[in-house]
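Position in the sequence shown counted from 1, then plus 104, gives you the numbering used here.
The beta carbon of each residue, even a glycine, is placed where N, CA and C say it ideally should be.
Take a look at the structure below.
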Amino acid sequence: MTNKRNSAIWVMSSAFDKLTLPDLVDTTLQIGAQGIDLCVFRRDGSRQDHTATHLDYDNFTPDTAKILIDRFNMANLRLSLGAFENMIGGDPGERVRNQNHLLKLIRIAYLLGGDGNDVKVGTFVGYNHELGNQADGFQKNLDEYRRVFAPIIRYAEDLGVTILYENCPMEGWRSASYTTTYNNLPGVLAARKLMYEVIPSRAHGEIYDPSHDVWQHNDPVDVVTQTDISRVHRVHVKATRNLKTEARVDWGGMYPMQLVDAGLAKRAGVAIPTNDWDRHHYEAMLPGFGGSDSMDWRAFVDKLFEKGFHGPFEIENEARNSKDTGNLAATVQGYEAAVKFLAPMVWGLQEDLGYSYLHGSPLRTPAAANIAVTTIDRL
Numbered sequence: 105m106t107n108k109r110n111s112a113i114w115v116m117s118s119a120f121d122k123l124t125l126p127d128l129v130d131t132t133l134q135i136g137a138q139g140i141d142l143c144v145f146r147r148d149g150s151r152q153d154h155t156a157t158h159l160d161y162d163n164f165t166p167d168t169a170k171i172l173i174d175r176f177n178m179a180n181l182r183l184s185l186g187a188f189e190n191m192i193g194g195d196p197g198e199r200v201r202n203q204n205h206l207l208k209l210i211r212i213a214y215l216l217g218g219d220g221n222d223v224k225v226g227t228f229v230g231y232n233h234e235l236g237n238q239a240d241g242f243q244k245n246l247d248e249y250r251r252v253f254a255p256i257i258r259y260a261e262d263l264g265v266t267i268l269y270e271n272c273p274m275e276g277w278r279s280a281s282y283t284t285t286y287n288n289l290p291g292v293l294a295a296r297k298l299m300y301e302v303i304p305s306r307a308h309g310e311i312y313d314p315s316h317d318v319w320q321h322n323d324p325v326d327v328v329t330q331t332d333i334s335r336v337h338r339v340h341v342k343a344t345r346n347l348k349t350e351a352r353v354d355w356g357g358m359y360p361m362q363l364v365d366a367g368l369a370k371r372a373g374v375a376i377p378t379n380d381w382d383r384h385h386y387e388a389m390l391p392g393f394g395g396s397d398s399m400d401w402r403a404f405v406d407k408l409f410e411k412g413f414h415g416p417f418e419i420e421n422e423a424r425n426s427k428d429t430g431n432l433a434a435t436v437q438g439y440e441a442a443v444k445f446l447a448p449m450v451w452g453l454q455e456d457l458g459y460s461y462l463h464g465s466p467l468r469t470p471a472a473a474n475i476a477v478t479t480i481d482r483l
């Protein structure tokens, strides 16, 4: 039976922090993708692991938007944007700067046509551990989320823009000397269901990344089955290979590996984290590149389509054998392999072309009036 599916495959630009926007567009076309989720991290941000900034967010005007739309239409590409920071916890000054940056990106998405052009804004929520360490700490984080995000989502909704949360728990976001690795509120499905209940607006949803559920020993097929699919606007393509190491036996799979005195650990023959992210005994991969991973991708994709998902599949390259090599050619190879891996599942079979994407409509140039940049204290 011929596959009638025609879902776009996009590139998330986080792995290409050294490329200019024109080079990023050319590389995306080389990879064979149909869109780019542009990372627009703060230039003065505190994150060290992701720093890609592919738009000048401080000088973005309606003319800039038109030029960008024309560039992407010339290349037959679509786009979204995002920056993934702690919005409700961490250093108080940093969190306000992160909130204000998110508001800048919402304004940019509006100037690019917002939901009318399927231009969304990706973000994290983060976690407030001062509240989390108290009794009822998770509920207090939900309350803090509502306090911070209710006006932000109202602002986005008024502009016709949808905010999307990624579900990574950000397990390495704090020092391995802390016992917990839950650092981003929407890291589990229950949290996301609760978030939509406390803020019922349709102007927020999610970028679902199955790889984070795999290392939490949760089947992404089951997660999608219990998800309100209308909230899922993007799916990240990133794989996890769960490792069967001595450290997993030492520490188990339920709790993160803990940092203790190195000399004591050596004498006891116990593994401890080699870095802040080395807590849960897994390897980040790209599906179809360098070996098998620990999930059933066909069952996952089939369940998404069965539930009615129709957004793009975004390849997020954090693979040890691709992006982490620091080699541009190997990074591109990883993306290309992931496109070919997905093609028979998400594209139809075309005569003389094999599995290929049928291009959709171009981005429309919106008649969006210029609006001033706003800040969180003005909402």
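Check	Outcome
Where ASP141 sits in the DSSP three-state scheme	strand
For THR106, three-class secondary structure by DSSP	Confidence at THR106 is low in this model, with a pLDDT of 49, below 50, so the placement of that residue should be treated as unreliable; the coordinate-derived value is given next. Of the three classes helix, strand and coil, the one that applies to THR106 here is coil, per DSSP.
Those residues which DSSP pairs with SER184 across a bridge	ASP141
Beta carbon of THR227 nearer than 8 Å to that of PHE188	yes
Alpha helix (DSSP H) runs contained entirely in the stretch 340 to 403, provided each spans 4 or more residues	350 to 355, 366 to 372
CB of ILE113 within 8 Å of CB of PRO314, strictly	no
First through last residue of the alpha helix (DSSP H) which encompasses GLY236	233 to 236
Continuous alpha helix (DSSP H) stretch holding GLU440: start and end	432 to 450
Where MET105 falls, given that 16 or more other Cβ within 10 Å makes a residue buried	Any reading at MET105 must be qualified, since the residue scores a pLDDT of 38, below 50, and its modelled position is unreliable; the value itself is stated next. The residue in question, MET105, is exposed, as its Cβ has fewer than 16 Cβ neighbours within 10 Å.
Segment contact, 8 Å Cβ cut-off, at least three pairs: the stretch 331 to 341 with the stretch 244 to 263	no
Span separating the alpha-carbon of GLY217 from that of ASN474	12 Å
Status (buried if at least 16 other CB within 10 Å, exposed otherwise) for GLY291	buried
8 Å Cβ cutoff met for LYS427 and GLY392	no
HIS158 to HIS321 span [Cα, whole Å]	35 Å
Cut-off 6 Å between Cβ atoms - residues of its own chain near TYR259, not counting five sequence neighbours on either side	LEU483
Test item: CB-CB of TYR161 and ILE192 under 8 Å	no
Candidates ILE419, ALA369, ARG251: closest to ILE311 by CA position	ILE419
Residue range of the unbroken beta strand (DSSP E) whose run includes SER460	458 to 460
For GLY309, the residue or residues it bridges with in DSSP	LEU268
Supposed contact pair ARG201 and ARG146 - C-beta distance, whole angstroms, cut 8 Å	7 Å
Straight-line gap, TYR461 to GLN138 (C-alpha atoms, nearest Å)	8 Å
From ILE171, GLY220, SER281, residue whose alpha carbon lies closest to that of GLY264	GLY220
Residue closest to ILE171, alpha-carbon to alpha-carbon, out of GLU422, LEU125, PRO196, SER150	LEU125
For MET116, the first and last residue of its enclosing beta strand (DSSP E)	113 to 116
Between the CA atoms of THR478 and HIS233 - distance to the nearest angstrom	28 Å
Extent of the continuous alpha helix (DSSP H) run through VAL302	293 to 302
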